[in-house]
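Chains as they are written, first to last, in this note's numbering: chain A, 1 to 160; chain B, 1001 to 1160. Below: the structure, in C-alpha cells.
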DNA sequence: TTGACATGGACAACCAGGTTGACCAACACT
DNA sequence: AGTGTTGGTCAACCTGGTTGTCCATGTCAA
C-alpha cells in the first residue's frame, strides 16, 4: 500500500536541510546588504529584545537559554553595534537593553529577506500548499515542550 | 488571502523545531535502549561509514566536512566502541574504519526509532499528506548549494 | 630511478553557541 | 532587620565544527 520508501532518518535530513538552505540564503543576502557579521542567532535575539526582553535574564527566559548564554549573545550584539546597554536607574543590578538603529536595520532587512525566500518557495509550491505545509509543521512543533517564540535551541551551523 | 502571510522567519523556526523534535525524541529513546552516549552526528557518521566511507578523508568528503572534523568524530566513535580503526596494510597512511557490533546495533535501533517517530507523524497527518510534505521538502533541499548530498544518507538505502 | 606532486593523517589554535557551578550585590518582603 | 529572590559576572567546559601547518607515504611521468 504505502510506498513509504522514505525513512524517518531521511525525513530528519530533509527538515534540517530545508532549514539550513533557508537560513544560509538569508545570512548570505544579509551580508550583501551591509550586515556581513550578522548571524542567525543575532536576529532571533534582537527580535526577542524588541518583543520585550529588555535585560539579560529576561532574554534568557525568552530564548529558553541560560542567562550566561544570553549575556554572551548580548555582548556580541553590543560589539557589533546592534544594541546598547545601560544600567537601569530604578534597579542598578539591571542592565537595560536598547536596540540601535543599526539593529533595527538588521531585523528589518532580515525580515524582508526571510519573506522573499518564503515567497520564492510559495511560487514554487503554490500558496495553499505552502500554507498547508506550515500547518503540518506546526503540529510537530506544537506538541513540543519547546516554545516556538523561544528559538534558543536555534543554534545552527555556519554556512559553507 | 486569508491567513496567508506567515513570515519567512517563522517558517525557518518551524523547520528547525520539527527537526529538533524528531531528533531529540530519537536520542532520548536511543538512551532508553542502551545507547546513552549516542549523538545524532554519530548515527549519521556510522551510516556514512557503512555506506562506504572507510577512512577519515573519505568520511570527510562524504559528510562535506574537513578531514580534521571527521577525525574527531571517528575518535569519538572509537572511544564509545562504535567503530575500530586499523592501518591499511596496502597503504600505511590509511586507517581503515570498521563498524563494531555495537555500532551496528546503534544504527539498527536508530533506524527503527526514526521510523517509529515518522510513523506517528504519518498517523497524525495521513500517509499521502506526509508523502507530499516530504516531496515538497525535497525540492528545497534539491536546489541546495550546500553539500548535504552524501549519497549514503541523503539518498538513504537504509534498512539493511 | 628520480623528482614533483597528491593524499592521508595529525597537531594546534580557534570559533560559535551553548552548558554547570560558584558567587556577589542589590532588591523585596515579611 | 533578616531572609530569600533576582540580575549579573567569572571561569571552566562541551560539541561540532574551522584554519593553518606539517610530514610521511603513495603515484606518476620523464
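From the three backbone atoms N, C-alpha and C, an ideal C-beta is built for every residue, glycine too. Note that the structure is a prediction, hence the values are computed from the model and not measured.
Against chain B, the CB of residue 115(A) has a partner CB under 9 Å away; the residue lies at that interface. Secondary structure note for residue 85(A): its beta strand (DSSP E) is the uninterrupted segment 83-88. Residue 1063(B) and residue 1052(B) have their C-alpha atoms roughly 12 Å apart. When C-alpha distances from residue 31(A) are compared across 107(A), 126(A), 87(A) and 89(A), the shortest belongs to 107(A). If you draw a straight line from the Cα of residue 29(A) to the Cα of residue 41(A), it comes to about 16 Å. For a cut-off of 8 Å, the C-beta gap from residue 15(A) to residue 1015(B) is around 6 Å, short enough to register as a contact.
When C-beta distances to chain A are compared with 8 Å, the residues of the segment 1084-1117 of chain B below that value are 1110, 1111, 1113, 1114, 1115, 1116 and 1117, in chain order. Under the DSSP assignment, residue 98(A) falls in the beta strand (DSSP E) whose first and last residues are 91-99. Take residue 74(A), set aside five residues on each side of it, and the residues of its chain with a beta-carbon closer than 8 Å to its own are 45, 56, 59, 83, 85 and 97, in chain order. Residues of the same chain with a CB within less than 8 Å of the CB of residue 47(A), apart from the 5 flanking positions on each side, are 107 in chain order. Contact annotation: residue 1131(B) and residue 61(A) have beta-carbon atoms that are not nearer than 9 Å. Spanning the alpha carbons of residue 1018(B) and residue 25(A) requires a straight line of approximately 20 Å.
Rounded to the nearest angstrom, the Cβ distance from residue 101(A) to residue 95(A) is 20 Å, too far for a contact under 8 Å. Counting along the chain, no alpha helix (DSSP H) covers residue 35(A), and no H or E run does either. Residue state for residue 1010(B) is assigned as helix, using DSSP reduced to three classes. Fully contained in the segment 1012-1067 of chain B are the following alpha helix (DSSP H) runs of length 4 or more, in chain order: 1040-1050 and 1056-1063. In chain order, 136 and 139 make up the part of chain A whose C-beta sits under 8 Å from the C-beta of residue 1125(B). At the C-beta level, residue 1054(B) and residue 9(A) stay beyond 9 Å of one another. Under the three-state reduction of DSSP, residue 80(A) is assigned to coil, being neither helix nor strand. If you draw a straight line from the Cα of residue 1117(B) to the Cα of residue 78(A), it comes to about 42 Å. Legend: CB atoms of the segment 2-24 of chain A lying less than 8 Å from CB atoms of chain B belong to residues 2, 3, 4, 6, 7, 8, 9, 10, 11, 12, 13, 14, 15, 16, 17, 18, 19, 20, 21, 22, 23 and 24. Around the Cβ of residue 123(A), a 10 Å sphere holds fewer than 16 other Cβ atoms; the residue is exposed. When DSSP states are grouped into helix, strand and coil, residue 105(A) belongs to the helix group. By the rule that beta-carbons nearer than 9 Å mark a contact, residue 47(A) touches chain B. DSSP, read as helix, strand or coil, puts residue 110(A) in helix.
Flagged as an interface residue toward chain A: residue 1129(B), by a C-beta distance shorter than 9 Å. Scanning chain A for C-beta atoms nearer than 9 Å to the C-beta of residue 1133(B) yields 11, 14, 132, 133, 136 and 137, reported in chain order.
Under the 9 Å criterion on CB atoms, residue 43(A) is classed as interfacial with respect to chain B.
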